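Peer 1: Quick one: this structure, given as structure tokens, is what I'll be asking you about.
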Amino acid sequence: AQSVTQPDIHITVSEGASLELRCNYSYGATPYLFWYVQSPGQGLQLLLKYFSGDTLVQGIKGFEAEFKRSQSSFNLRKPSVHWSDAAEYFCAVAPEGQNFVFGPGTRLSVLP
Amino acid sequence: DGGITQSPKYLFRKEGQNVTLSCEQNLNHDAMYWYRQDPGQGLRLIYYSQIVNDFQKGDIAEGYSVSREKKESFPLTVTSAQKNPTAFYLCASRSRRETQYFGPGTRLLVL
Numbered sequence: 582a583q584s585v586t587q588p589d590i591h592i593t594v595s596e597g598a599s600l601e602l603r604c605n606y607s608y609g610a611t612p613y614l615f616w617y618v619q620s621p622g623q624g625l626q627l628l629l630k631y632f633s634g635d636t637l638v639q640g641i642k643g644f645e646a647e648f649k650r651s652q653s654s655f656n657l658r659k660p661s662v663h664w665s666d667a668a669e670y671f672c673a674v675a676p677e678g679q680n681f682v683f684g685p686g687t688r689l690s691v692l693p
Numbered sequence: 027d028g029g030i031t032q033s034p035k036y037l038f039r040k041e042g043q044n045v046t047l048s049c050e051q052n053l054n055h056d057a058m059y060w061y062r063q064d065p066g067q068g069l070r071l072i073y074y075s076q077i078v079n080d081f082q083k084g085d086i087a088e089g090y091s092v093s094r095e096k097k098e099s100f101p102l103t104v105t106s107a108q109k110n111p112t113a114f115y116l117c118a119s120r121s122r123r124e125t126q127y128f129g130p131g132t133r134l135l136v137l
């Protein structure tokens with residue numbers, strides 16, 4: 582069965598520090614890959630997505646993610662975190678034509 | 027502006043009552059989804075619809091029902107059979123490019 586793991590339940594970083602959120606998936610072929618962000622009491626907003634091609638994907642709000650086929654990973658990065666980045670981040674995979682599978686989420690706290 | 031709307035933002039259910047959550051989209055997407063989110067947990071799929079007049083059960087369909095009479099609308103009814111309905115409910119639609127877009131959510135509370 583397909584699965585998505587986000588090993589870090591909660592991460593705390595200082596404002597201005599770099600950030601990397603981990604995502605690993607289990608699937609036979611390369612699925613479509615997504616990162617979403619959710620602020621408290623809000624819906625999910627798409628940050629970026631990977632379908633094929635360049636393995637380094639740029640998204641909104643200064644985020645980027647790198648797909649590594651050999652590691653079945655799709656880690657999210659940001660070079661300098663802002664206090665407004667504090668939120669819950671979800672990784673998701675979607676084999677073509679099939680339903681999404683979401684990871685459990687990583688909660689990001691930002692220290693001033 | 028194109029997007030997904032959900033109403034109401036907050037909904038209160040009494041014991042034994044059925045309640046309906048609204049989801050409307052003007053993105054012209056064929057597929058729509060309902061997810062349930064509990065505190066500190068990820069998203070669990072309740073029901074989905076790939077096309078008008080057709081829908082399938084997701085992972086946790088018991089105690090819920092849906093209809094898909096129009097492309098734009100996919101209402102979710104939480105029935106009295108759902109014994110633990112308190113949660114945050116998210117509706118989404120899916121583009122032909124396989125990307126899901128989400129509404130702002132409805133928080134359901136039990137009185």
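Order-wise, the sequence lines are chains G and P.
Numbering-wise (the working numbering), the first sequence opens with residue 582 and increments by one.
Numbering-wise (the working numbering), the second sequence opens with residue 27 and increments by one.
Glycine included, C-beta positions come from ideal geometry on N, C-alpha and C.
Keep in mind it's a predicted model, so treat the numbers as computed, not measured.
Could you work out which residue in P:Q82, P:C117, P:L137 is closest to Q679 of chain G when comparing CA atoms only?
Peer 2: P:Q82
Peer 1: According to DSSP, simplified to helix, strand and coil, what is R94 of chain P?
Peer 2: In the structure shown, R94 of chain P sits in coil (DSSP, three-state: anything other than H, G, I, E or B).
Peer 1: Please list the terminal residues of the continuous beta strand (DSSP E) segment that includes N110 of chain P.
Peer 2: Careful: N110 of chain P lies outside any beta strand (DSSP E) and carries neither H nor E.
Peer 1: Comparing alpha-carbon positions, which option in G:K642, G:R650, G:I592 lies nearest S690 of chain G?
Peer 2: G:I592
Peer 1: Under a CB-based cut-off of 7 Å, is P612 of chain G close to chain P?
Peer 2: Taking Cβ atoms only, chain P never reaches closer than 7 Å to P612 of chain G, which makes this a no.
Peer 1: Between G:R650, G:D635, G:V638, which has its C-alpha nearest G610 of chain G's C-alpha?
Peer 2: In the sequence as displayed, the identity of residue 610 of chain G is Ala instead of Gly. Of the candidates G:R650, G:D635, G:V638, the one whose C-alpha sits nearest the C-alpha of A610 of chain G is G:R650.
Peer 1: Distance, Cα to Cα, D85 of chain P vs V682 of chain G?
Peer 2: One Cα belongs to D85 of chain P, the other to V682 of chain G, and the distance between them is close to 11 Å.
Peer 1: Less than 7 Å between CB atoms is the rule here; does T125 of chain P satisfy it with respect to chain G?
Peer 2: Chain G contact via Cβ: present.
Peer 1: Answer with yes or no whether the minimum CB distance from G68 of chain P to chain G is below 7 Å.
Peer 2: Cβ-Cβ to chain G under 7 Å: yes for G68 of chain P.
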